[in-house]
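Trainee: First the structure, which I've put down as structure tokens, then a few questions once you've had a look.
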Amino acid sequence: MVTTQQDSRLLKFANEAINLTNVENENANMPEGVFTAKLTRMSGEISKEYTKAYLLPEKHLKMHEEGWIYIHDFSSYAVGMQNCMFIDIGDILSKSIHTTNGTMRPPRSIRSALQVAAVVLQCQSNAQFGGIAINAFDFHMAKFIKMSFYKHMETAIKFNVPDPDTFAWNQTKDETKQACEAFLHNLNHLESRAGNQLPFVSINYGCDTSKEGRLFIESLIEATLDGIGEQKTTPIFPIQIWQYRKEEGKIVNEDLFKLANECSIKRVYPNYVNTHEEVYDILDENGKIVPDLIPATMGCRTRLGKNLHGYNGKSGRGNLSPVTMNLPKYAMESNSWEEFTVLVKEMAFTGIDMMEARLRWQRKQLMGAAPFMYKNKIWKHDQPYNEKAKIGDILYSGTLALGFIGIAEALMILEGKHHGECEKSQQKALDLIKDLHHFCSKESDRRRLNISLYATPAESLCHTFAKKNQDQYGRVPGVFDKEFITNSFHVPVWHDINYVDKIALEAPYHKYCSGGSITYVELRSEISKTPHLYKNLIEGAMEQGVYYFATNIQRDRCLNCDHEGLFDDLKCNKCESKDIITLRRVTGYITGAYHKVFNNGKKDEVRNRVKHY
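Quick note on numbering: the sequence shown equals residues 1 to 613 in UniProt numbering.
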């Protein structure tokens, strides 16, 4: 039952949400000033209170509220939602799709396939609180390009076109390019959930060498390069991820890979995922790629590893509910590195307990709570759909991600130097992450759950933990004197280091973070003059063993005079207009107005970022 004190606090929060006096910007993809976002924040606060009162064991609540272990998307806990997932878009589009108002027929062309795909992504986004990803998108779309080609061939034959094959292919190329343009426009304008929030979509592609698959890749990249709308702005979604692969010493689709590099330099995307860094083989008995086994990631960095409850494929399953450990806090509570590692293990065990408890609650929810997902078997399962049946064992194919943040600050507290400036610190940190990885593997086997170690993106958490640590320990110089905690295993953004050394330092951590990880480097815009160096940079990161890699190239653009540059005072340095786009990466994704939508921690991080090239 809500107490008078709780009632007063909730009313205070509601007043702040309505009057925008406490804007947190927890998600850069959701402006908090719109009507539905205000409503979502208020209802989320009620949901949190219900969870505290009825669902969380006292120990777990203490861990969360005191800043030991953070329960992500706490406002979604009470309703039993799961986090994020990969969807098998090829399978979904091959059957009738059930919606609230009936069904949609399977598409029969690339144009209709991408239109329906956008609708599917929007509908599914309302059934979960995290992102949606598609693996091997090029393989999936290739079959619909073939359908379009056959249709155009029929037209050519019907009207006695002299060269029907060339005519049909040219028509197919035009249709594919237009379909990709429409897909980008849809995903940047179809709003879902809270007001202006766009579906958080990631697509992985790059390995299909068929004529149709290559056409799709080329068309999508060219549409991205062109930009969207009258002002040809950079599309924020989908987050595009190139699946880097070498066969017989050559990069698969190397010419398109170079085009992807050009697109990354101009439009930030695609990011790059390493298909050679996975725990299982992706080839069938004939040596051919199994598309759904190709290593892939979600834009923020979430990754799906081995599945103890069935098929290892990416699609049809996802991450259920992550938690994150506050490593700097543990360091402040310890007198030595050895004492610290013991405390980390204790917290890791508790964190997994917290996720398992949440999973028990998620399993009690009914299929009817997410009819689009379970009726269409978007989360794959063999049970007949029954809106009153519990979801139950279906969710066992998902993963539980044990996250961590601030290894750099923990090292500074206990060792005096972080891993970017001391080999001894680097080895201690690497040993810790390696031990945590093995701990997660042992707990997976013991509990028969898919538990993985997660290099948390911490979009809002970097600021939340920073505030909690400052409140308890003060603004410790060099450690807690900024508005953010350093992400996961990253070398601090303020540390002056070149990109070669940064990649070399961070690369070894990736193989232990099977729940997801990323390495970034900050580049100057001059890299556009030497694209061959950019290509070498990506290849170098992949060869070092980085699983997921992205680059940040700060390029602002004035919508008044079209001038591009770096606008330090948030106005064009040519015409002084404030009508500008300021592209910055927040975690795995970008925004076009970081100064408005980033939380204070992320804003401070942007200010502290140094260039690595």
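C-beta: ideal position from N, C-alpha, C; glycine also.
From G420 to P477, what distance separates their C-alpha atoms?
Mentor: For the purposes of this step, residue 420 is taken as residue 420 along the sequence shown, with counting starting at 1. For the purposes of this step, residue 477 is taken as residue 477 along the sequence shown, with counting starting at 1. About 18 Å.
Trainee: What does the alpha-carbon distance come out to for the pair Y589 and P270?
Mentor: By 1-based counting over the sequence shown, the position of residue 589 is 589. By 1-based counting over the sequence shown, the position of residue 270 is 270. The straight-line gap from Cα to Cα measures roughly 10 Å.
Trainee: Roughly how many whole angstroms lie between the Cα atoms of F237 and K603?
Mentor: As a working note, residue 237 is residue 237 in the sequence shown. As a working note, residue 603 is residue 603 in the sequence shown. Each residue's Cα considered, the two are about 21 Å apart.
Trainee: Can you list, in chain order, the residues of its chain whose CB lies under 8 Å from that of A466, leaving out five sequence neighbours each side?
Mentor: As a working note, residue 466 is residue 466 in the sequence shown. So the list reads F480, K482, E483, F484, I485 and G601, once near-sequence residues are dropped.
Trainee: Check each candidate in R555, V586, L320 and E539 and name the one with the smallest Cα separation from C572.
Mentor: The residue you call residue 572 lines up with position 572 of the sequence shown. Here the closest residue by C-alpha is R555.
Trainee: In chain order, what residues of the same chain have a beta carbon less than 7 Å from the beta carbon of T587, not counting five sequence neighbours either side?
Mentor: In the sequence shown, counting from the first residue as 1, residue 587 sits at position 587. Correct list, in chain order: C300, P457 and E459.
Trainee: Starting from I451, follow the beta strand (DSSP E) in both directions and report where the run begins and ends.
Mentor: As a first step, residue 451 must be located in the sequence shown, where it is residue number 451. I451 -> beta strand (DSSP E) spans N450 to A455.
Trainee: Using the beta-carbon count (16 or more within 10 Å), is D292 buried or exposed?
Mentor: As a first step, residue 292 must be located in the sequence shown, where it is residue number 292. Buried: at least 16 other Cβ atoms inside 10 Å.
Trainee: Measuring alpha carbon to alpha carbon, tell me which residue in T530, K364 and K345 is nearest F439.
Mentor: As a first step, residue 439 is located in the sequence shown; it is residue number 439 there, counting from the start. For the residues T530, K364 and K345, the minimum Cα distance to F439 belongs to K345.
Trainee: Taking buried to mean at least 16 other C-beta atoms within 10 Å of its own C-beta, is F139 buried or exposed?
Mentor: The residue you call residue 139 lines up with position 139 of the sequence shown. Buried.
Trainee: Quick check on the DSSP output: the alpha helix (DSSP H) that includes N204 runs from which residue to which?
Mentor: Here the question's residue 204 lines up with position 204 in the sequence shown. Here N204 belongs to no alpha helix (DSSP H); instead the beta strand (DSSP E) covers V201 to Y205.
Trainee: Among residues of its own chain, excluding the 5 on either side of A117, which ones have a beta-carbon nearer than 6 Å to its beta-carbon?
Mentor: Residue numbering aside, residue 117 sits at position 117 when the sequence shown is read from its first letter. Counting only Cβ-Cβ distances below 6 Å, and skipping sequence neighbours, we find I89.
Trainee: At which residues does the alpha helix (DSSP H) containing H510 begin and terminate?
Mentor: For the purposes of this step, residue 510 is taken as residue 510 along the sequence shown, with counting starting at 1. Segment Y499 to H510, the alpha helix (DSSP H) holding H510.
Trainee: With a cut-off of 8 Å, do at least 3 Cβ pairs link the region 54-69 to the region 318-329?
Mentor: The region 54-69 vs the region 318-329: in contact.
Trainee: Closest by CA to L114, which one among P295, G403, H185 and L308?
Mentor: On the sequence shown, residue 114 is found 114 positions in, with the first residue counted as 1. Nearest option by C-alpha distance: H185.
Trainee: What residue range does the alpha helix (DSSP H) around M412 cover?
Mentor: Numbered from 1 along the sequence shown, position 412 holds the residue referred to as residue 412. Per DSSP, M412 belongs to the alpha helix (DSSP H) from I407 to E415.
Trainee: Taking all protein chains shown into account, do 16 or more other C-beta atoms lie within 10 angstroms of the C-beta of C513, making it buried, or fewer, making it exposed?
Mentor: As a first step, residue 513 is located in the sequence shown; it is residue number 513 there, counting from the start. The residue is buried, with at least 16 neighbouring Cβ atoms inside 10 Å.
Trainee: According to DSSP, which residues form a beta bridge with A401?
Mentor: For the purposes of this step, residue 401 is identified with residue 401 of the sequence shown, where counting begins at 1. Paired residues: S452.
Trainee: Leaving aside the five residues before and after Y54 along the sequence, list all residues of the same chain whose C-beta is less than 7 Å from its C-beta, in chain order.
Mentor: Residue numbering aside, residue 54 sits at position 54 when the sequence shown is read from its first letter. No residues qualify anywhere along the chain.
Trainee: Quick check: the region 165-175 against the region 229-245, are there 3 or more CB pairs under 8 Å?
Mentor: With the cut-off at 8 Å, the region 165-175 and the region 229-245 do not touch.
Trainee: To the nearest angstrom, how far is it from the Cα of R363 to the Cα of K380?
Mentor: Taking the sequence shown and counting its residues from 1, one reaches residue 363 at position 363. Taking the sequence shown and counting its residues from 1, one reaches residue 380 at position 380. Approximately 15 Å between the Cα atoms of the pair.
Trainee: Compute the Euclidean distance between the alpha carbons of K52 and V79, then round it to the nearest angstrom.
Mentor: Taking the sequence shown and counting its residues from 1, the one referred to as residue 52 is at position 52. Taking the sequence shown and counting its residues from 1, the one referred to as residue 79 is at position 79. When rounded, the distance between both Cα atoms is 13 Å.
Trainee: Quick check on DSSP: helix, strand or coil for N29?
Mentor: The sequence position of residue 29 within the sequence shown is 29, counting from 1. With a pLDDT of 48 at N29, under the threshold of 50, the predicted position of this residue should be treated as unreliable, and no value is reported.
Trainee: If contacts are defined as beta-carbon pairs under 8 Å, then F340 and A410 qualify, I think. What distance do you get, rounded to the angstrom?
Mentor: By 1-based counting over the sequence shown, the position of residue 340 is 340. By 1-based counting over the sequence shown, the position of residue 410 is 410. Rounded, the Cβ-Cβ distance is 7 Å, consistent with contact.
Trainee: Could you please give the first and the last residue of the uninterrupted beta strand (DSSP E) stretch that includes Q240?
Mentor: Counting from one through the sequence shown, the residue named residue 240 turns up at place 240. Segment I239 to Y244, the beta strand (DSSP E) holding Q240.
Trainee: Are the region 516-534 and the region 549-565 touching by the rule of at least three beta carbon pairs closer than 8 Å?
Mentor: With a cut-off of 8 Å, the region 549-565 and the region 516-534 count as touching, because enough Cβ pairs lie within range.
Trainee: In whole angstroms, what is the alpha-carbon distance linking D435 and L256?
Mentor: What you label residue 435 is simply residue 435 of the sequence shown in a count that begins at 1. What you label residue 256 is simply residue 256 of the sequence shown in a count that begins at 1. Using only the alpha carbons, I get a separation of about 39 Å.
Trainee: Determine the direct distance from the alpha carbon of V606 to that of K417, and round the result to whole angstroms.
Mentor: Mapped onto the sequence shown, residue 417 falls at position 417. Mapped onto the sequence shown, residue 606 falls at position 606. If you take the alpha carbons of K417 and V606, they lie about 22 Å apart.
Trainee: Taking 6 Å as the limit between beta carbons, can you name the residues of its chain near A28, skipping five residues before and five after?
Mentor: Residue mapping note: residue 28 aligns to position 28 of the sequence shown, counting from 1. Unreliable placement is indicated for A28, whose pLDDT of 47 sits below 50; the coordinate value is still reported in the next sentence. Result list for A28: V586, T591, V597 and F598, in chain order.
Trainee: For the region 55-63 against the region 345-359, do three or more pairs of beta-carbon atoms, one drawn from each stretch, fall closer than 8 Å, so that the two count as touching?
Mentor: The answer is yes - the region 345-359 touches the region 55-63, with three or more Cβ pairs under 8 Å.
Trainee: Would you tell me roughly how many angstroms separate the C-alpha atoms of residue 615 and H189, rounded to the nearest one?
Mentor: The structure shown has nothing for residue 615, since the chain only spans 1 to 613.
Trainee: Output the distance between the C-alpha atoms of G130 and F549, rounded to the nearest integer angstrom.
Mentor: Locating residue 130 in the sequence shown gives position 130, where the first residue counts as 1. Locating residue 549 in the sequence shown gives position 549, where the first residue counts as 1. Distance between the alpha carbons of G130 and F549 is about 21 Å.
Trainee: If you drop the 5 nearest sequence neighbours on each side, which residues of the same chain put their C-beta closer than 6 Å to that of E387?
Mentor: The sequence position of residue 387 within the sequence shown is 387, counting from 1. For E387, where only same-chain residues beyond five positions count, the Cβ hits under 6 Å are M367 and G368.
Trainee: Would you mind giving the Cβ-Cβ distance between L225 and C263, rounded to the nearest angstrom? I have them listed as a contact below 8 Å.
Mentor: The residue given as residue 225 occupies position 225 in the sequence shown. The residue given as residue 263 occupies position 263 in the sequence shown. With a Cβ gap of about 5 Å, L225 and C263 count as contacting.
Trainee: Can you name the start and end residues of the alpha helix (DSSP H) that Q462 belongs to?
Mentor: By one-based count along the sequence shown, residue 462 stands at place 462. According to the sequence as given, residue 462 is Cys; it is not Gln. Start and end: L461 to Y473.
Trainee: I need the straight-line Cα distance from L215 to G206, nearest angstrom please.
Mentor: Position 215 of the sequence shown, counting from 1, holds the residue named residue 215. Position 206 of the sequence shown, counting from 1, holds the residue named residue 206. Answer to the nearest angstrom: the Cα atoms are 11 Å apart.
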